[in-house]
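Heads up: the structure comes next, in structure tokens.
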Amino acid sequence: MKSFTNANPRDAQQAVTLLRQTRADGRKASPAGGGSDLLGMMKERLVTPDVVVSLKSIKGLDQVAAESGGVRIGGLITLDALQRHDRIRRQYAVLAQAAESVATPQIRNVGTLAGNVCQRPWCWYFRQGFPCFKNGGNTCFSAAGENQFHAIFGGGPSFIVHPSDTAVALVALDATFSVAGSNGERAVRASDFFALPLANPAVENVLGADDLLVSFHLPTPQSGIKSAYHKVLDREAWTHAVVSAAVVLEMDKDICRSARIVLGGVAPVPWRVPHAEALLVNQRITPELAARAGEAAIENARPLAKNAYKVPLTKNVVKRTILEVAAI
Amino acid sequence: MNKINPSQLADKNPALRAHNLRMRKISRRKFLERTGAGVAVAATVVNPVEAGSPASGGSHADLGAQASSTANPGSVPRTKIRLTINGRAQTVEVEDRWTLVELLRDHLNLPGTKIGCDRGECGACTVLLDGKPVYSCSNLAVWADGRTVETVEGLAANGKLHPLQQAFVDHDAPQCGFCTSGQLMAAVALVRANNRPNADEVRRAMTGNICRCSSYNHYVDAVLAAGSNGAASRRAVTVRTEPWAGAPFAPLTTVGHATPRIDAVQRVSGSATYTGDVRLPGMLYAKVLRSPHPHAQIKSIDVSKARALAGVKAILTHENAHVIWGAGAVAGGAQYNDDIKKITKQRRYAFNNPVRFVGEPVAAVAAVDRHIAEEALQLIVVEYEALPFVLDHEDALQATAPKIWPDGNISLNQRNEALPLSQRRGNVDAGLKSSFRVLEDRFTTAFVHNAQMEPRAAVAAWDGDKLTVYTPTGGIANCHTDIARDLELAPEKVRVVCEYMGGNFGNKNQNQDADLIAALLAREARAPVKLELSRKEDFIGMHGRWPTTQYYKVGVSQDGVLQAVQLRGYSGMGPYRKNSGAIGGIELYQCPNTETVVYPVYTNKTVSGNFRGPEFPQGYFGIQSMMDSVADALKMDPVEFVLKNMTRKSRDEVAYTNYTLEDCVRRGADAFEWTKRWRPPASDAGPIKRGIGTAFLAFRSGLGRSSAVIRLDAKGRYAVHVGVTDVGAGAKTTMGLIAAEALGVPLSRIDVVWGDTDRCPYSVGESGSRTTIMTGWAVIEAARDLKRQIAEKGLPAGAQVLVANASPNPSSDGKVRNTFAAHFVEVEVDTELGRARVMRYLAVHDCGRLINPLTAAGQIQGAAIMGIGMALHEDLVYDRRSGRPLTPGYYGARVCTHLDAPDIEVIFLETDDGLGPYGAKSIGESGKLPAVAAVANAIFNATGHRMKDLPITKDKLIMAGQRT
């Protein structure tokens with residue numbers, strides 16, 4: 027690794043100041059939550075910060091706390107703590123399951139929720155240092171290359187898929203993100219946080235250079251809310267989602283009153299499928315209906331040369347997850 | 005720049021010579037005292053501050069601190085931290101960029117924690133941070149400030165192993181042992197939270213810890229046993245020996261009894277010294293710059309900036325290091341020797357120009373610190389002229405393909421002829437013509453990397469004109485010969501040491517380019533040099549199993565008897581042919597008319613080489629899938645087809661020393677309840693389908709030359725000198741057991757001396773599943789000689805010793821000696837999600853007498869799990885436009901984790917052909933050979949889809965379902 031200074035800010039605002047001032051000095055800064063992924067990228071010299079702003083020194087941002095209208099989750103909570111948290115498991119099962127599906131116990135023990143949501147893509151071209159959009163270049167090598175794990179929705183000009191499991195669950199839960207920046211904190215709805223590559227293919231979200239994602243608000247679930255996260259991996263552990271689905275249903279006995287279905291592994295952002303959701307509203311969930319929702323989910327899929335399998339896979343994952351949530 | 009002449013003498017620096025001599029004395033003494041157990045390790049703790057003293061504030065870099073480090077760009081930011089390691093509070097000053105594992109290993113003399121990938125993909129570096137398992141490679145040392153760290157070195161208390169360590173010993177959990185510290189720490193955290201975990205909980209807690217020996221079953225067994233407070237919990241998985249039709253072996257005193265390894269305690273306590281753990285005073289660290297191009301001429305290399313960097317001591321490129329790496333490749337892919345060296349037109353150097361694959365070494369740097377060496381690589385400017393390249397081995401034979409060598413892309417044989425590997429018997433055309441049915445098909449197999457847990461490494465030190473190389477090799481004798489030949493040194497001027505190594509799996513019975521590069525750097529820098537490859541370098545710079553394309557044509561009679569079998573095959577060898585490139589498997593069947601034509605082809609991919617049963621797992625997949633299709637076409641039960649057509653004489657001609665294949669197949673089919681459970685393909689109507697499959701094996705178990713020396717002193721200690729290193733299969737213990745039995749003394753009086761060419765006689769080396777048989781016989785013969793001497797001269801007294809040696813070369817009198825096996829697999833395929841899982845796995849093996857039943861089971865189980873990985877996951881994917889690999893590493897290659905590893909049930913048939921040492925046959929490679937085919941055949945039976953291309957990933961499973 028290139029030499030750098032590790033900085034330990036006291037709080038989020040000081041971290042933001044550190045990021046801004048370092049950049050103002052003409053040097054590079056990277057925030058580190060758990061730091062596992064950042065160190066991997068630094069060892070490959072994909073990022074070469076002069077200052078690593080370690081968020082581990084910030085106290086109090088690792089809690090789940092009740093607040094009006096729901097709960098607030100500190101961005102620095104580890105994935106392991108999140109997955110074990112009783113209230114999260116009971117009321118927001120989809121998030122606990124998504125957190126539990128990430129990588130390995132060792133990574134979940136240090137990896138943070140905010141870090142997971144902001145994780146850079148695991149596209150093999152990006153990770154192997156090809157000069158792609160994500161590495162400061164002006165092309166996406168997957169488009170005409172090895173694209174078996176790439177996007178079937180929302181791609182272009184970059185065809186990465188968003189790597190985060192928890193991001194998919196947070197969009198499904200209609201979370202609101204708190205972002206600390208130079209002008210204080212602001213709230214961003216989860217669905218507005220992630221950015222398609224059209225405007226700026228170098229990034230995956232709306233965070234500014236000196237912004238930090240600091241916490242998450244989850245609304246209190248309606249009664250009858252049930253949810254699940256289903257992740258399809260390429261082996262039985264420690265891969266990113268080939269395809270995943272976060273399904274949140276508001277059930278009134280066996281009738282679905284509202285539905286949110288968000289997909290992972292298929293698009294540059296967590297990918298909501300409103301057509302599929304609409305099919306379920308005020309309907310009794312049956313295997314046939316779930317299958318139709320699966321069909322609806324892939325209506326606008328545009329596979330690349332080597333990922334056509336993701337289309338039927340997505341259809342099936344949506345169907346299975348709806349049935350799992352409805353316990354049919 | 006001075007040219008380095010290989011015959012040039014090493015430095016004459018008296019101070020360095022003195023310290024080298026000192027090191028050698030220490031290390032030799034330790035070897036003498038502790039039977040091979042000690043490379044002198046010099047610990048230099050950086051800034052040791054007394055335990056308990058307060059950290060002086062730390063830098064806790066505020067903005068001011070950063071400003072000061074910018075003001076002086078040459079300085080490397082450092083921070084004083086306080087942490088508690090294994091119960092001891094200490095304060096150390098660290099560079100901000102040091103990882104936690106780097107602090108532990110390089111600076112605190114705690115090398116028990118290993119680096120397998122340095123990317124959070126394998127778990128070898130697992131430590132407990134505030135009680136929780138974390139990857140110490142993926143945490144900075146500064147982030148551990150104020151926290152507690154527990155490592156493997158802290159587990160034992162008051163001289164007593166932790167219960168988990170003891171369970172690991174008792175259950176033979178570690179094979180090579182390189183992943184063991186990490187597995188232990190993950191398990192410790194689990195049982196602290198949950199003292200009675202079930203098997204699934206163990207797998208989930210440990211799934212971040214990869215074991216490439218795939219000793220997963222044993223790890224789970226060990227944790228279950230320890231977790232339930234020693235009341236060994238029994239699991240459904242069984243390993244048992246069953247009687248067979250022939251006469252059983254008479255029981256022996258020592259051999260044949262399950263015995264923990266003689267070095268098991270070292271393997272579970274972090275005290276086993278692997279090459280990367282060797283540290284010598286004044287040692288430099290080396291890094292290698294590798295080609296980003298698959299084929300390019302190096303126009304120029306400018307190393308001036310790198311050389312000017314403070315701390316850089318030596319730089320090598322093709323311009324100043326003109327050394328042939330003989331074991332790297334020659335025409336014919338045969339082991340290099342002086343005769344071949346004279347003939348071959350194609351040579352591989354330690355540094356080649358042009359470079360012919362991405363990852364080929366271009367330059368190497370030695371510096372006082374690993375980070376400075378890495379910085380220096382960034383300063384080397386290489387001007388390449390990119391050349392056309394070809395990746396696919398069939399494309400490479402097109403007339404328009406770029407030529408990788410002037411003679412073309414068919415690899416030359418040892419006589420410089422561009423000919424395929426060919427074997428013919430009978431008349432294939434006539435056989436096909438007379439057949440009732442003729443079936444044709446094409447199968448492909450992928451490049452899969454050996455991926456042994458220990459990345460290759462070498463530590464080289466010169467003492468005057470004598471070179472010592474510490475290196476992970478399974479064949480110290482051959483490695484020694486290779487280094488001496490390549491560097492043009494007299495054999496007595498080279499010493500090779502390998503105390504422990506982290507897995508073999510092929511092509512480690514020789515030297516590596518890392519050995520040569522470290523030696524040359526050490527000579528130029530006049531200091532010891534350590535070179536450790538990264539996981540990525542190991543994946544793309546070394547070798548894996550050759551990928552193949554196999555075209556079969558099979559003729560069969562109406563009643564299912566083979567009439568003709570034809571194979572035309574292509575093997576992708578990379579640009580340097582390291583081994584044969586053969587495709588094995590046709591010999592498994594009796595058939596009067598066979599023809600094999602296989603082309604070893606050069607490509608601009610990573611070099612291919614031997615990997616556990618070099619030509620067989622991929623060949624067995626092809627032909628046993630093909631034959632499964634033939635059985636299906638005839639509506640025959642696959643087992644019935646096997647029994648009708650399997651080999652009964654070697655190549656239908658030469659008798660086997662004993663023939664037990666039919667026993668294995670029938671016994672396995674019975675135990676698996678094959679007849680009751682077999683159903684026609686795709687019998688399940690729903691999306692989740694079950695199916696069963698089988699494959700079998702007949703594999704070499706030959707006799708041959710090896711040597712052993714036994715020395716008896718007046719204290720009654722028997723030092724058994726054998727040139728083994730124990731790659732993970734247990735060779736040291738095996739030799740100890742055989743010696744104890746042959747000498748009629750308890751194992752406790754045997755001191756095995758291994759892993760050092762200055763102290764061990766020739767050994768065939770741990771490859772080809774030969775060590776137990778060949779070196780085992782040598783031990784028996786040496787013991788016989790010693791007993792004769794004792795009878796003649798009496799026991800030694802005082803300073804007397806008796807020394808016996810033997811180099812037997814037994815033969816099987818023209819017969820072929822084989823081991824046999826049959827594997828039976830049940831899979832469940834979720835056709836909607838493309839998920840294939842092995843639900844039951846039974847392996848029936850005739851391995852002759854088991855010298856150590858405890859280690860034998862692990863060989864079969866681990867090999868079968870490796871085979872499952874090859875069948876379902878593993879691949880090195882390339883970008884076709886740039887020629888660069890995209891999946892180098894455990895994450896990318898999808899190597900099996902704990903959760904991918906089913907329980908492997910093993911039945912041993914201990915059969916006697918009267919030829920093995922105490923009746924032993926081979927065991928190391930065999931378990932992998934039929935595994936891939938058995939899984940693929942089970943998937944066919946489940947889904948009705950013949951999967952013809954490895955690996956059988958979910959895209960293929962899903963798309964196969966879409967086509968119907």
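If you read the protein sequences in the order shown, they are chains A and B. The opening position of the first sequence corresponds to residue 27 in our numbering, with each subsequent residue numbered one higher. The opening position of the second sequence corresponds to residue 5 in our numbering, with each subsequent residue numbered one higher. Virtual Cβ for every residue (Gly too), placed ideally from N, Cα, C. Remember, it's a predicted structure, so these values are computed and weren't measured experimentally.
Within-8 angstroms CB hit, residue i to chain A
i, result
"E836(B)", "yes"
"V80(B)", "yes"
"I962(B)", "yes"
"Q966(B)", "yes"
"L571(B)", "no"
"W466(B)", "no"
"H111(B)", "no"
"L890(B)", "yes"
"R101(B)", "yes"
"Y722(B)", "no"
"A59(B)", "Note on A59(B): pLDDT 35, under 50, position unreliable in the model; the coordinate value appears next. By this cut-off, A59(B) is not an interface position."
One or two residues paired with residue i in a DSSP bridge
i, result
"T698(B)", "F828(B)"
"T598(B)", "R429(B), V569(B)"
"A810(B)", "A712(B)"
"A757(B)", "Before going further, note that residue 757(B) is Val rather than Ala in the sequence given. Paired residues: H725(B)."
"A352(A)", "According to DSSP, A352(A) bridges with nothing at all."
"D834(B)", "I692(B), R839(B)"
For residue i, three-class secondary structure by DSSP
i, result
"V768(B)", "coil"
"E97(B)", "strand"
"F447(B)", "strand"
"C180(B)", "coil"
"N161(A)", "helix"
"C217(B)", "coil"
CB of residue i within 8 angstroms of CB of residue j, strictly
i, j, result
"A290(B)", "A380(B)", "no"
"L520(B)", "L493(B)", "no"
"A481(B)", "Y766(B)", "yes"
"C183(B)", "G120(B)", "yes"
"A316(A)", "L349(A)", "yes"
"L571(B)", "N649(B)", "no"
"N454(B)", "F509(B)", "yes"
"L305(A)", "A331(A)", "no"
"L288(B)", "V533(B)", "yes"
"T192(A)", "A125(A)", "yes"
"G948(B)", "P685(B)", "yes"
"A271(A)", "L244(A)", "no"
Cutoff 8 angstroms: residue i Cβ touching any chain B Cβ
i, result
"K54(A)", "no"
"N342(A)", "yes"
### Query
Taking three-plus beta-carbon pairs below 8 angstroms as touching, is the stretch 149-168 of chain A in contact with the stretch 234-247 of chain A?
no
### Stretch pair the stretch 888-905 of chain B + the stretch 793-805 of chain B: three plus CB contacts closer than 8 angstroms
no
### Inter-stretch contact at 8 angstroms, needing at least 3 Cβ pairs: the stretch 703-713 of chain B / the stretch 774-784 of chain B
yes
### Query
Using 8 angstroms as the threshold, is the stretch 539-559 of chain B in touch with the stretch 421-428 of chain B, meaning 3 or more CB pairs across them?
no
### Message
Pairs of beta-carbons, one from the stretch 454-473 of chain B and one from the stretch 430-444 of chain B, closer than 8 angstroms: are there three or more?
### Response
no
### Query
Can we say the stretch 88-106 of chain A touches the stretch 62-74 of chain A, given the rule of at least three CB pairs closer than 8 angstroms?
no
### Message
Does the stretch 843-856 of chain B come into contact with the stretch 911-920 of chain B, if we say contact requires no fewer than three beta-carbon pairs (one atom in each stretch) closer than 8 angstroms?
### Response
yes
### Query
Looking at C-beta atoms only, is the number of pairs between the stretch 170-184 of chain B and the stretch 211-225 of chain B that lie closer than 8 angstroms three or more?
yes
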